[in-house]
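First comes the structure, then the notes that go with it.
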Amino acid sequence: MKTAIVILNWNTKGFLEKFLPPLLGSIGPEAEVIVADNASTDGSVELMKEKFPNVGAMFFSKNRGYTGGYNRALMQIKSDYYVLMNSDVEVPEHWLEPLEEWMDSHPECGICAPKLRSYTDRDMFEYAGAAGGYIDKYGYPYCRGRMLKRLEKDCGQYDTPENVFWVSGACLMIRSELFHKLGGLDDRFFAHMEEIDLCWRAQLSGYRVTVIPASTVYHVGGGSLPAGSPKKLYLNYRNNLLMLRKNLGKTLALEDFRHGGKADESASVGERKARRIVHTRMLMDGASAAVYFFTFRWKCLKAVFKAHQDVRKIRIRTTVSDISLYLKEYGRTGSVTGMASRWIIPRAIFCKDDACMPSRAMSSRAMSSRA
9 MKTAIVILNW NTKGFLEKFL PPLLGSIGPE AEVIVADNAS TDGSVELMKE
59 KFPNVGAMFF SKNRGYTGGY NRALMQIKSD YYVLMNSDVE VPEHWLEPLE
109 EWMDSHPECG ICAPKLRSYT DRDMFEYAGA AGGYIDKYGY PYCRGRMLKR
159 LEKDCGQYDT PENVFWVSGA CLMIRSELFH KLGGLDDRFF AHMEEIDLCW
209 RAQLSGYRVT VIPASTVYHV GGGSLPAGSP KKLYLNYRNN LLMLRKNLGK
259 TLALEDFRHG GKADESASVG ERKARRIVHT RMLMDGASAA VYFFTFRWKC
309 LKAVFKAHQD VRKIRIRTTV SDISLYLKEY GRTGSVTGMA SRWIIPRAIF
359 CKDDACMPSR AMSSRAMSSR A
């Protein structure tokens with residue numbers, strides 16, 4: 009099998025019933041759709057057995073989250089490419105071919121994805137991934153076509169393939185060999201930002217992450233946890249810090265190494281800079297917690313404190329020795345695209361013109377390790 013399209017389902021029977029038929033009709037003989045069910049209780053299992061008996065399916069005994077569910081499913085699937093797709097994605101005809109063709113002809117690309125538009129407002133980009141994502145100095149992610157909650161209309165402004173920092177887990181294609189080489193998704197994340205971490209690790213390993221605008225899919229969004237959910241807030245705060253602690257030191261060391269540093273010295277520089285940035289980010293989170301306190305949003309306040317508490321418990325820390333070993337193996341091939349050198353939040357808040365949005369500025373220039 010060339011491509012396995014794997015839908016991880018958890019209590020989204022309605023989406024499966026609606027979006028699975030057009031997906032099945034859009035693929036050729038070299039692709040297969042597989043539904044992996046994360047212990048749904050809404051009748052999804054019965055639906056698959058009764059209405060889609062010929063579709064490959066896996067039924068798990070408990071909900072392992074986005075990370076654990078996909079890791080368990082993809083261990084059992086052999087194909088050249090995996091497509092990780094949410095159940096609330098509608099695909100048009102011929103959405104898959106541009107992704108496969110790009111991967112076939114660009115061996116340096118490890119992960120690619122289509123443009124993501126809104127299912128309900130079909131000319132607009134969709135919040136979860138739009139036309140590919142970037143990340144700022146302090147780890148805040150944003151997209152081409154979406155800054156904070158401000159969305160752009162798709163007028164063809166991002167219609168050339170572009171290397172980006174991350175693409176949305178709502179729909180992404182990854183080489184199966186790379187997925188397993190990286191150890192899959194990080195199970196500790198459970199859900200949220202796990203795809204950003206995966207894309208970051210892919211780049212550090214010498215692969216590109218690319219948006220392919222010849223392919224467009226439509227995403228409903230908000231199906232698992234609604235915006236403003238304290239649980240979602242907790243996962244975003246916690247996982248962002250975990251991601252920074254894992255990858256930032258290597259990224260900053262790589263920048264110094266590429267400018268002529270020695271592996272051990274660059275590793276020390278990267279670890280020191282990363283530690284300062286993570287500390288600053290935690291102070292920023294504290295400022296957010298103060299806002300929740302003064303606006304009486306107690307559950308959100310608790311989510312921030314719990315996130316920081318759990319980050320300390322998990323104790324992820326990339327040491328100078330770890331970074332030095334990384335540089336010796338990947339210092340000549342690793343390269344991180346799409347990391348801004350500034351904090352993008354103030355600019356996003358005060359920018360009134362789409363042309364001055366950080367996402368537009370980032371798209372207009374090439375970046376190696378940092379902008």
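In our numbering, the protein residues as written are 9 to 379. Quick reminder that beta carbons are idealized off the backbone N, C-alpha and C, glycines included. All values derive from a computational prediction rather than experimental measurement.
Residue i, enclosing alpha helix (DSSP H) - first and last residue
i	result
residue 76	73-82
residue 69	Run containing residue 69: none; DSSP gives neither H nor E here.
residue 53	52-59
residue 106	104-113
Heavy atom of the ligand SAH within 7 Å of residue i beta-carbon
i	result
residue 273	Ligands in the displayed structure: none, and consequently the ligand SAH is not present.
Length of the line joining the Cα atoms of residue i and residue j
i	j	result
residue 336	residue 322	27 Å
residue 296	residue 140	26 Å
residue 33	residue 53	21 Å
residue 347	residue 208	10 Å
residue 283	residue 325	9 Å
residue 68	residue 80	9 Å
residue 45	residue 91	16 Å
residue 41	residue 267	45 Å
residue 308	residue 244	12 Å
residue 228	residue 127	5 Å
residue 215	residue 303	44 Å
Extent of the continuous beta strand (DSSP E) run through residue i
i	result
residue 90	89-93
residue 27	Looking at the DSSP string, residue 27 is not in any beta strand (DSSP E); the run it does join, the alpha helix (DSSP H), is 21-33.
residue 45	39-45
residue 122	117-126
residue 141	141-143
residue 11	11-17
Residue i vs residue j beta-carbon contact at 8 Å
i	j	result
residue 392	residue 256	Lying before the first or after the last residue shown, residue 392 is absent from the chain, which here runs from 9 to 379.
residue 223	residue 203	no
residue 64	residue 21	no
residue 211	residue 219	no
residue 250	residue 289	no
residue 356	residue 156	yes
residue 31	residue 60	no
residue 89	residue 16	no
residue 179	residue 124	yes
Member of the options whose CA lies at the smallest distance from the CA of residue i
i	options	result
residue 340	21, 259, 164	259
residue 13	19, 55, 97, 25	97
residue 265	338, 211, 293	338
residue 7	131, 66, 11, 248	Residue 7 is absent from the model: the chain starts at 9 and stops at 379.
residue 82	190, 109, 129, 298	190
residue 173	303, 343, 359	343
Ordered list of alpha helix (DSSP H) runs contained in the stretch 152-213, each at least 4 residues: List check, alpha helix (DSSP H) in window: 184-189, 202-212.
Report the start-end ranges of each alpha helix (DSSP H) in the stretch 213-274 that is 4 residues or longer and not cut off at the edges. Counting only runs of 4 or more residues that sit fully inside the stretch 213-274, the alpha helix (DSSP H) segments are 238-266, in chain order.
My parser needs the alpha helix (DSSP H) runs of 4 or more residues fully inside the stretch 322-369; what are they? Note on the stretch 322-369: whole alpha helix (DSSP H) runs with a minimum of 4 residues are 328-338, 353-358, in chain order.
Residue ranges of each alpha helix (DSSP H) run of no fewer than 4 residues wholly in the stretch 297-323, ordered along the chain? Contiguous alpha helix (DSSP H) elements confined to the stretch 297-323 occur at 306-322, taking only those with 4 or more residues.
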